[in-house]
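Everything below concerns the one structure shown next.
6 protein chains.
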Amino acid sequence: MATCGLNESSQASPEVRAVYDDIMATRRVDWISNFWKALAHDATLLGRTWRSIKEVLAPARLDALTKEMLYLAVSVTNQCPYCIASHTAAARKAGMSEEMFAELMAVVGMANETNRLASGYQVEIDPQFKA
Amino acid sequence: MATCGLNESSQASPEVRAVYDDIMATRRVDWISNFWKALAHDATLLGRTWRSIKEVLAPARLDALTKEMLYLAVSVTNQCPYCIASHTAAARKAGMSEEMFAELMAVVGMANETNRLASGYQVEIDPQFKA
Amino acid sequence: MATCGLNESSQASPEVRAVYDDIMATRRVDWISNFWKALAHDATLLGRTWRSIKEVLAPARLDALTKEMLYLAVSVTNQCPYCIASHTAAARKAGMSEEMFAELMAVVGMANETNRLASGYQVEIDPQFKA
Amino acid sequence: MATCGLNESSQASPEVRAVYDDIMATRRVDWISNFWKALAHDATLLGRTWRSIKEVLAPARLDALTKEMLYLAVSVTNQCPYCIASHTAAARKAGMSEEMFAELMAVVGMANETNRLASGYQVEIDPQFKA
Amino acid sequence: MATCGLNESSQASPEVRAVYDDIMATRRVDWISNFWKALAHDATLLGRTWRSIKEVLAPARLDALTKEMLYLAVSVTNQCPYCIASHTAAARKAGMSEEMFAELMAVVGMANETNRLASGYQVEIDPQFKA
Amino acid sequence: MATCGLNESSQASPEVRAVYDDIMATRRVDWISNFWKALAHDATLLGRTWRSIKEVLAPARLDALTKEMLYLAVSVTNQCPYCIASHTAAARKAGMSEEMFAELMAVVGMANETNRLASGYQVEIDPQFKA
Numbered sequence: 428m429a430t431c432g433l434n435e436s437s438q439a440s441p442e443v444r445a446v447y448d449d450i451m452a453t454r455r456v457d458w459i460s461n462f463w464k465a466l467a468h469d470a471t472l473l474g475r476t477w478r479s480i481k482e483v484l485a486p487a488r489l490d491a492l493t494k495e496m497l498y499l500a501v502s503v504t505n506q507c508p509y510c511i512a513s514h515t516a517a518a519r520k521a522g523m524s525e526e527m528f529a530e531l532m533a534v535v536g537m538a539n540e541t542n543r544l545a546s547g548y549q550v551e552i553d554p555q556f557k558a
Numbered sequence: 428m429a430t431c432g433l434n435e436s437s438q439a440s441p442e443v444r445a446v447y448d449d450i451m452a453t454r455r456v457d458w459i460s461n462f463w464k465a466l467a468h469d470a471t472l473l474g475r476t477w478r479s480i481k482e483v484l485a486p487a488r489l490d491a492l493t494k495e496m497l498y499l500a501v502s503v504t505n506q507c508p509y510c511i512a513s514h515t516a517a518a519r520k521a522g523m524s525e526e527m528f529a530e531l532m533a534v535v536g537m538a539n540e541t542n543r544l545a546s547g548y549q550v551e552i553d554p555q556f557k558a
Numbered sequence: 428m429a430t431c432g433l434n435e436s437s438q439a440s441p442e443v444r445a446v447y448d449d450i451m452a453t454r455r456v457d458w459i460s461n462f463w464k465a466l467a468h469d470a471t472l473l474g475r476t477w478r479s480i481k482e483v484l485a486p487a488r489l490d491a492l493t494k495e496m497l498y499l500a501v502s503v504t505n506q507c508p509y510c511i512a513s514h515t516a517a518a519r520k521a522g523m524s525e526e527m528f529a530e531l532m533a534v535v536g537m538a539n540e541t542n543r544l545a546s547g548y549q550v551e552i553d554p555q556f557k558a
Numbered sequence: 428m429a430t431c432g433l434n435e436s437s438q439a440s441p442e443v444r445a446v447y448d449d450i451m452a453t454r455r456v457d458w459i460s461n462f463w464k465a466l467a468h469d470a471t472l473l474g475r476t477w478r479s480i481k482e483v484l485a486p487a488r489l490d491a492l493t494k495e496m497l498y499l500a501v502s503v504t505n506q507c508p509y510c511i512a513s514h515t516a517a518a519r520k521a522g523m524s525e526e527m528f529a530e531l532m533a534v535v536g537m538a539n540e541t542n543r544l545a546s547g548y549q550v551e552i553d554p555q556f557k558a
Numbered sequence: 428m429a430t431c432g433l434n435e436s437s438q439a440s441p442e443v444r445a446v447y448d449d450i451m452a453t454r455r456v457d458w459i460s461n462f463w464k465a466l467a468h469d470a471t472l473l474g475r476t477w478r479s480i481k482e483v484l485a486p487a488r489l490d491a492l493t494k495e496m497l498y499l500a501v502s503v504t505n506q507c508p509y510c511i512a513s514h515t516a517a518a519r520k521a522g523m524s525e526e527m528f529a530e531l532m533a534v535v536g537m538a539n540e541t542n543r544l545a546s547g548y549q550v551e552i553d554p555q556f557k558a
Numbered sequence: 428m429a430t431c432g433l434n435e436s437s438q439a440s441p442e443v444r445a446v447y448d449d450i451m452a453t454r455r456v457d458w459i460s461n462f463w464k465a466l467a468h469d470a471t472l473l474g475r476t477w478r479s480i481k482e483v484l485a486p487a488r489l490d491a492l493t494k495e496m497l498y499l500a501v502s503v504t505n506q507c508p509y510c511i512a513s514h515t516a517a518a519r520k521a522g523m524s525e526e527m528f529a530e531l532m533a534v535v536g537m538a539n540e541t542n543r544l545a546s547g548y549q550v551e552i553d554p555q556f557k558a
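Chains as they are written, first to last, in the numbering used here: chain A, 428 to 558; chain B, 428 to 558; chain C, 428 to 558; chain D, 428 to 558; chain E, 428 to 558; chain F, 428 to 558.
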């Protein structure tokens, strides 16, 4: 079970419930995932994390699908089971097909491989790549 | 300097030179980066890595820009200085603007944060997220 | 199950049992956790690891609670489920309240985020920060 | 050099300068580090990151020194050179002595070791550690 | 369950089945693990990954046991539960005894510790170690 | 420069000098690397780390070369520049040829790739791999 338990909507303070309502309205869902319920024992942490996520994932120069795939690529690299499960679901909802997922995974796999090749071979940065 | 030195085109075997030529033709550049020159002391490793990268980064359901941004997101998460420098350059060449880079970094940052929040709070995967 | 099984006290050699006794005496508990039982198939590894842990976690300039919270911060960053569970318990026993845990997690989350921002933006170390 | 260059105070927009001013006032310093100047090409990212950092590092149940040491422990675990340099400086300013740093490092080292021992031995979580 | 389900031999295309047959022949086993069945929804990813693994793990200057132990050391460092389980089994099959496993784990543990000590103390590379 | 400076032999306490002497005798070298000089501001940390390293790297069921290659594989996976440089040198001294290094790197690269494929595809552990 989550470290501090889950803060269910029925027991939540008005402050927490307001965040829950904004999450459901923004995402057009009628339930709150365990992640938010687990953070909600600290209303400040919940509020800041949600506002940041909402700002960061809002479509702008990058569309919602691209952002969700980037989120998933990071979560896979960090090997976070919860985040892989939840952001796979979110990316699918945003339009990721199985073929796109397979291509994403192929890129993530190769990047993790070549990151170690570059580090392990002690490769110096080419002058052309310097900003 | 790279662990085994750099295998410059002028000293390279025909097998290695063929890979170099394919890299330059595919990427439409007239130089070879230190990464490939460092791997090239082992022609097998060079050949396999290049063929895999070429296959993985070729545009398909995901376009070249999206793939380069995913590659960069992984490299930033792993904090590989060489890969960050080279794939920032590659993503820019594929069309990434400064605004898109800032949005990418914002997603990568938040994903690295919430990956730890989910793990640290020991959040269980919601049944809705199970495949 | 643990890779080499668990070395229960009843089957353990006198050398292993002596370590178990020191663990229970030092921590004032009457049971041995799976971590130690799993290591105990190699008495040398068990002994060295326990002596190091005991030395490192003993209160000195930093008190026991601070040390346990640092241990937890690392475990959360590495996303080790066993270590998160066991060191959350240990930190609570040493006095960590739910509010302190939430503050710890907020710091760990932000540090993981800004570590990637600093790396991804290729920020150079300011001369003022050089030792 | 930083990916998008450094946004020096003299060229900064009023919005960015307001953040710079708040950073200097809060930290009681008269200069801005490269980290903030690098983020400042995106005023939104700069503002959100600073507000979050300010909120997270403000002393509450945990004092400023403990928070800075937690930040450093994460940065060392992630091996971020910039963050290690800047947060070592910040922790020293908050009161960390050389002896405290050595103890912190000893804990961080052992935690990174035992995280892998627990994972590698496939140790199951004891029922006593379940929340 | 795996993200895209498992591609069982009975439903697999001839292309996928040919890879399965080569895996079983090469490894002298009569079953296919979940890892390959999960990748097999993308025949290209399956084929490339298998050919690379086969090439990389074939005994050459390093024997099969050494290669499997290196694979396991990486998997433990990354804390990948699936890979730890499967490569512990593979290394045992290649001849790793319990004593060898314990020695491997001791090295992996210490390396993870001293990697952070070197980074955290900001140690500069000695000229003697430069390639 | 290292965080607390380097503790040169000439200024070192007898306790630290005794460790330096043991390092040079054990490794048959006539100099001390920056790693040990950086740790040496805390004689306890220096002593414990050296005794552990000495014990862990001593040839037993695994020979010195295999242990050094495992150490290097972990350091590459963690991307620690100092440790990659120093353990590449140590592995070479223990007999690692350029061909063996290339094979090691190929394994490390693929393991880092497939660790993410297994995690990202949410592959469940086969019953056959359970200990």
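For every residue, glycine included, the Cβ atom is placed at its ideal position computed from N, Cα and C.
Check whether the Cβ atoms of residue i and residue j lie closer than 8 Å to each other.
i, j, result
"E540 (chain F)", "N539 (chain A)", "yes"
"L466 (chain C)", "Y548 (chain D)", "yes"
"F556 (chain C)", "A512 (chain D)", "yes"
"L473 (chain E)", "M496 (chain E)", "no"
"A545 (chain E)", "F528 (chain F)", "no"
"E482 (chain D)", "R475 (chain A)", "yes"
"I450 (chain C)", "P508 (chain D)", "no"
"A416 (chain E)", "V443 (chain E)", "Past the edges of chain E, shown from 428 to 558, lies residue 416 (chain E), and the structure says nothing about it."
"A500 (chain E)", "A516 (chain F)", "no"
"V550 (chain E)", "A429 (chain F)", "yes"
Taking buried to mean at least 16 other C-beta atoms within 10 Å of its own C-beta, is residue i buried or exposed?
i, result
"V534 (chain B)", "buried"
"M537 (chain D)", "buried"
"T493 (chain D)", "buried"
"A452 (chain E)", "exposed"
"V456 (chain C)", "exposed"
"M523 (chain E)", "buried"
"S437 (chain B)", "exposed"
"S460 (chain C)", "buried"
Contact check, residue i vs residue j under 8 Å by CB: the rounded distance?
i, j, result
"A521 (chain E)", "A487 (chain E)", "Rounded, the Cβ-Cβ distance is 14 Å, inconsistent with contact."
"W468 (chain D)", "C431 (chain D)", "It should be pointed out that residue 468 (chain D) corresponds to His in this sequence rather than to Trp. With 8 Å as the limit, H468 (chain D) and C431 (chain D) qualify as a contact, their Cβ atoms being about 4 Å apart."
"N542 (chain C)", "S502 (chain D)", "6 Å"
If you measure from the beta carbon of residue i to each beta carbon in chain D, is any gap under 8 Å?
i, result
"H468 (chain F)", "yes"
"T430 (chain F)", "yes"
"S479 (chain A)", "yes"
"V456 (chain E)", "no"
Going along chain A, which residues have a C-beta under 9 Å from residue i?
i, result
"M532 (chain F)", "R543, L544, G547 and Y548"
Whose Cβ in chain E lies nearer than 9 Å to the Cβ of residue i?
i, result
"Q506 (chain C)", "Q506"
"E482 (chain B)", "T471 and R475"
Please list, in chain order, the chain E residues whose beta carbon lies closer than 7 Å to that of residue i.
i, result
"A529 (chain A)", "H468, D469 and L472"
"E525 (chain A)", "C431 and H468"
Flag residue i as yes if its beta-carbon sits less than 8 Å from any beta-carbon of chain B, otherwise no.
i, result
"E495 (chain F)", "no"
"K557 (chain E)", "yes"
Give the residues of chain D in contact with residue i, contact being defined as C-beta atoms less than 7 Å apart.
i, result
"T515 (chain B)", "T430"
Would you say the beta carbon of residue i is closer than 7 Å to some non-hydrogen atom of the ligand SAM?
i, result
"A538 (chain C)", "Here there are no bound small molecules, and the ligand SAM is not part of this structure."
For chain F, is any of its Cβ atoms less than 8 Å away from the one on residue i?
i, result
"I552 (chain E)", "yes"
Name the chain A residues whose beta carbon is nearer than 8 Å to that of residue i?
i, result
"S502 (chain B)", "A538 and N542"
"A487 (chain B)", "E526 and E530"
Name, please, each residue of chain D whose Cβ falls closer than 8 Å to the Cβ of residue i.
i, result
"A518 (chain C)", "Within 8 Å Cβ-Cβ: nothing; A518 (chain C) doesn't reach chain D, min ~12 Å."
Between residue i and chain E, is any beta-carbon pair separated by less than 8 Å?
i, result
"A512 (chain D)", "yes"
I'd like to know if residue i contacts chain A, where contact means its C-beta is closer than 8 Å to some C-beta of that chain.
i, result
"S436 (chain B)", "no"
Show which residues of chain B have a CB atom less than 9 Å away from the CB atom of residue i.
i, result
"V535 (chain A)", "L497, Y498, A500 and V501"
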